[in-house]
Each structure stands twice: as C-alpha cells, then as structure tokens.
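Here is the structure we will look at, set down as structure tokens.
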Amino acid sequence: MGSARVQGELWGRAPEDWAGMQEAQHAPLFEAMLDAAGVSDGTRLLDAGCGGGGASVLAEGRGAVVSGLDASAPLIDVARERVSGGDFRVGDLEALPFADGSFDAVIAANSIQYVEDRVAALRELARVSAPGARIAVGLFGRPDRVDFRVVFAAFRDSLPEPPPGDGPFGLSGEGVLEGLVEQAGLNVLESGEVDLPFVYEDPEAFWRAVMSGGPPQATKDIVGESVLKEAVLEAVTPYMTDTGGVRFDNNAFQYITATSAS
Numbered sequence: 350m351g352s353a354r355v356q357g358e359l360w361g362r363a364p365e366d367w368a369g370m371q372e373a374q375h376a377p378l379f380e381a382m383l384d385a386a387g388v389s390d391g392t393r394l395l396d397a398g399c400g401g402g403g404a405s406v407l408a409e410g411r412g413a414v415v416s417g418l419d420a421s422a423p424l425i426d427v428a429r430e431r432v433s434g435g436d437f438r439v440g441d442l443e444a445l446p447f448a449d450g451s452f453d454a455v456i457a458a459n460s461i462q463y464v465e466d467r468v469a470a471l472r473e474l475a476r477v478s479a480p481g482a483r484i485a486v487g488l489f490g491r492p493d494r495v496d497f498r499v500v501f502a503a504f505r506d507s508l509p510e511p512p513p514g515d516g517p518f519g520l521s522g523e524g525v526l527e528g529l530v531e532q533a534g535l536n537v538l539e540s541g542e543v544d545l546p547f548v549y550e551d552p553e554a555f556w557r558a559v560m561s562g563g564p565p566q567a568t569k570d571i572v573g574e575s576v577l578k579e580a581v582l583e584a585v586t587p588y589m590t591d592t593g594g595v596r597f598d599n600n601a602f603q604y605i606t607a608t609s610a611s
C-alpha cells in the first residue's frame with residue numbers, strides 16, 4: 350500500500366499535463382487493448398491504472414460501463430470530469446476495491462510495471478474478472494524498439510546511485526510479461542505490438558509532458574529540475590526535428606491478452 354501512496358503523489362503533480370500532453374498520445378495503444386479485451390456496448394470494463402481516463406473515454410464511446418482505479422487522486426479527478434458516468438476510485442492495484450467477478454473486461458495500460466508486487470496486482474485483476482473475461486495488459490515494448498528509452502536513461506544517469514527495482518522496462522524483455530502473467534495463474538491468449546510515435550511541438554512542450562510522469566518527478570526530487578532538464582534535453586538532441594520539435598518515431602508498445610485459468 351505504501352508504494353501506491355508514493356506513486357499516487359508523484360503522478361498527481363501535473364495531472365492536466367499528463368492527460369492532455371502524454372496520455373493522449375497513447376490512444377492507439379488504448380484502442381488496440383480495448384479491441385483485444387472485446388470491449389463493446391454494455392461491457393463492464395475496469396480501467397486499472399486509469400490515469401486521467403484516456404482509455405476510459407474511448408471505452409465510453411463504445412458504450413461500455415466504465416470503472417477506473419488509479420493511485421493518484423488528482424488524475425482520478427481528471428478522469429471523473431472526462432467520463433461523468435464512470436465509477437472512478439483512488440486505490441491500489443494490489444488491493445482492488447471491487448467484488449469478485451465484477452467485470453467483463455479489464456485493461457491495465459502502462460501501469461503494472463510501476464506496482465511493487467506485480468503478481469499480486471495481476472491476481473487482483475483476475476479476481477475481479479467474470480468467468481471468461483479478457484484481461485489486456487500493455488506497456489513499453491522491447492527497449493531496442495523504444496526510442497523514448499533515452500529519456501529514462503537520462504533520469505537514471507542523473508542519479509548519484511541507481512534507483513531500486515528494474516524500472517519502466519522491467520517487463521519489456523522478450524517473454525517477460527507473458528511469464529509474469531502465467532505466474533499469476535492466467536492463461537495468455539494473444540499478444541500484439543503498437544507503433545506509438547511520441548511527438549512534441551517544441552522542447553518546452555516536451556519537457557512539460559515528460560515532467561507530468563512519476564519517474565521524472567522522483568528523479569527531480571533528488572537532483573533538482575535544472576540538472577535533470579539539462580541532461581534530458583542533451584539526451585534527446587538526436588530526436589529534434591527541423592521544425593524545432595521533438596519526435597520519437599521508433600516507439601513501440603506491447604500488450605498481451607489473458608484470461609483466468611480457473
């Protein structure tokens with residue numbers, strides 16, 4: 350539970366920037382995961398780690414009955430504004446506040462890699478899923494397929510010592526996510542990959558978008574924003590465009606779809 354409180358505070362510092370500048374660029378991933386989970390009219394959906402409700406908005410457009418959970422209260426406030434008919438709650442992915450079998454589909458986009466006990470979180474997703482429900486989990490693709498990894502490398506290299514844990518790419522290696530899902534007692538049905546270019550109109554827009562996430566906020570608290578900004582902007586120099594923007598074209602996200610083994 351302590352991990353959720355820490356993550357919630359970090360991710361809640363710039364909720365409007367996250368929802369409007371960074372989360373919005375994940376729409377193709379959200380659509381692919383909603384397709385994989387079979388979300389349509391009347392589907393009872395849980396958006397686990399819903400952030401500012403980017404995927405929930407798309408699900409509502411399909412006619413789904415949407416519930417969402419996130420550790421960040423400010424992001425939940427944004428989600429509630431965007432999806433007025435949804436049931437959005439602040440909470441912990443490792444202890445979901447929903448009854449067994451509550452949902453016909455569950456998605457967890459860009460969230461499982463940030464929890465402390467990932468197996469426990471996946472088991473919770475299974476617990477709240479109805480028999481036959483599909484669970485879609487999505488996150489960064491293999492590091493060699495993600496140009497945006499240079500940003501996280503700049504975070505890491507700015508620190509006086511390596512941060513604990515395996516970081517945002519800890520589940521991105523070949524077969525790692527599938528193995529974790531199976532460890533949680535789920536059956537993997539299929540997998541997919543989505544090309545997700547990240548595009549920013551100028552370095553300042555890029556910086557605002559980057560700083561809306563939890564990992565850079567945690568790094569900033571240690572090294573200071575000026576040091577971190579200098580390191581990150583230097584790292585992304587190869588991705589500056591002729592028009593003054595910042596663009597990451599080789600930027601893949603992966604997802605898997607699973608169902609409860611029981």
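Residue numbers (our numbering): 350 to 611. Built from N, CA and C at the ideal position, the CB exists for glycine as well.
Hey, could you find the ends of the beta strand (DSSP E) Phe-547 is sitting in?
-> Note, Phe-547: beta strand (DSSP E), 547-549.
Where DSSP assigns a beta bridge to Ala-454, which residues make up the other side?
-> Leu-394, Arg-483
So, using beta-carbon positions, are Ala-458 and Val-464 closer together than 8 angstroms?
-> no
In three-state terms, what does DSSP make of Arg-477?
-> Note on residue identity: the sequence assigns Val, not Arg, to residue 477. Looking at Val-477 - three-state DSSP - the assignment turns out to be coil, as it is neither helix nor strand.
Between which two residues does the beta strand (DSSP E) harbouring Thr-608 extend?
-> 601-609 is the extent of the beta strand (DSSP E) around Thr-608.
Keeping to the same chain, check which residues put their C-beta closer than 8 angstroms to that of Val-576; ignore five residues upstream and five downstream.
-> Cβ within range, chain order: Ser-507.
Closest to Thr-586 by CA distance: which of Asn-599, Pro-552, Arg-557 is it?
-> Pro-552
Within the segment 379-453, note down every full alpha helix (DSSP H) run reaching 4 residues or more, in order along the chain.
-> Counting only runs of 4 or more, we get 403-410, 422-431.
Examine chain D for any beta-carbon lying closer than 8 angstroms to the beta-carbon of Val-464, and answer yes or no.
-> The structure shown contains no chain D; it is built from a single protein chain.
Select from Phe-489, Arg-596, Ala-428 the residue whose C-alpha is nearest the C-alpha of Ser-405.
-> Ala-428
Asp-544 by DSSP, collapsed to three states: which one?
-> strand
Look at the Cβ atom of Glu-380, then the Cβ atom of Leu-407, and state whether they are nearer than 8 angstroms.
-> yes
Alpha carbon to alpha carbon, what distance is there between Gly-528 and Ile-484?
-> Ile-484 and Gly-528: Cα-Cα distance of roughly 15 angstroms.
Look up Glu-527 in the DSSP assignment and give the residues it is bridged to.
-> DSSP, once it has assigned bridges, lists no residue as partnering Glu-527.
Stretch-stretch touch, CB-based, cutoff 8 angstroms, three pairs: the segment 520-539 with the segment 582-600 | no
If you follow the beta strand (DSSP E) that Val-595 is part of, which residue opens it and which one closes it?
-> DSSP places Val-595 inside the beta strand (DSSP E), whose first and last residues are 595-597.
Beta-carbon proximity check, Thr-392 vs Ala-413, cutoff 8 angstroms = yes
Ala-386 and Val-455 look like a contact to me (Cβ under 8 angstroms); what is the Cβ gap, rounded to whole Å?
-> 7 angstroms
Span separating the alpha-carbon of Val-559 from that of Tyr-549 = 10 angstroms
Three-state secondary structure assigned by DSSP to Met-589 = DSSP places Met-589 in strand when its eight states are reduced to three.
What separation, rounded to the nearest whole angstrom, lies between the Cα atoms of Asp-453 and Val-572?
-> 44 angstroms
Secondary structure at Phe-489, three-state DSSP: helix, strand or coil?
-> strand
C-alpha distance - Gly-450 paired with Thr-590, whole-angstrom precision | 48 angstroms
For Leu-535, which beta-bridge partners are listed by DSSP?
-> Ser-609
If you check the beta carbons only, do Leu-424 and Gly-563 fall under 8 angstroms apart?
-> Not in contact: Leu-424 and Gly-563 (Cβ atoms no closer than 8 angstroms).
Val-464 by DSSP, collapsed to three states: which one?
-> Reduced to three states, the DSSP call for Val-464 is coil.
Glu-510: buried (16+ other C-beta within 10 angstroms of its C-beta) or exposed?
-> exposed
Kindly give me the distance between the Cβ atoms of Val-530 and Ile-605, rounded to whole angstroms, as I take these residues to be in contact under 8 angstroms.
-> 6 angstroms
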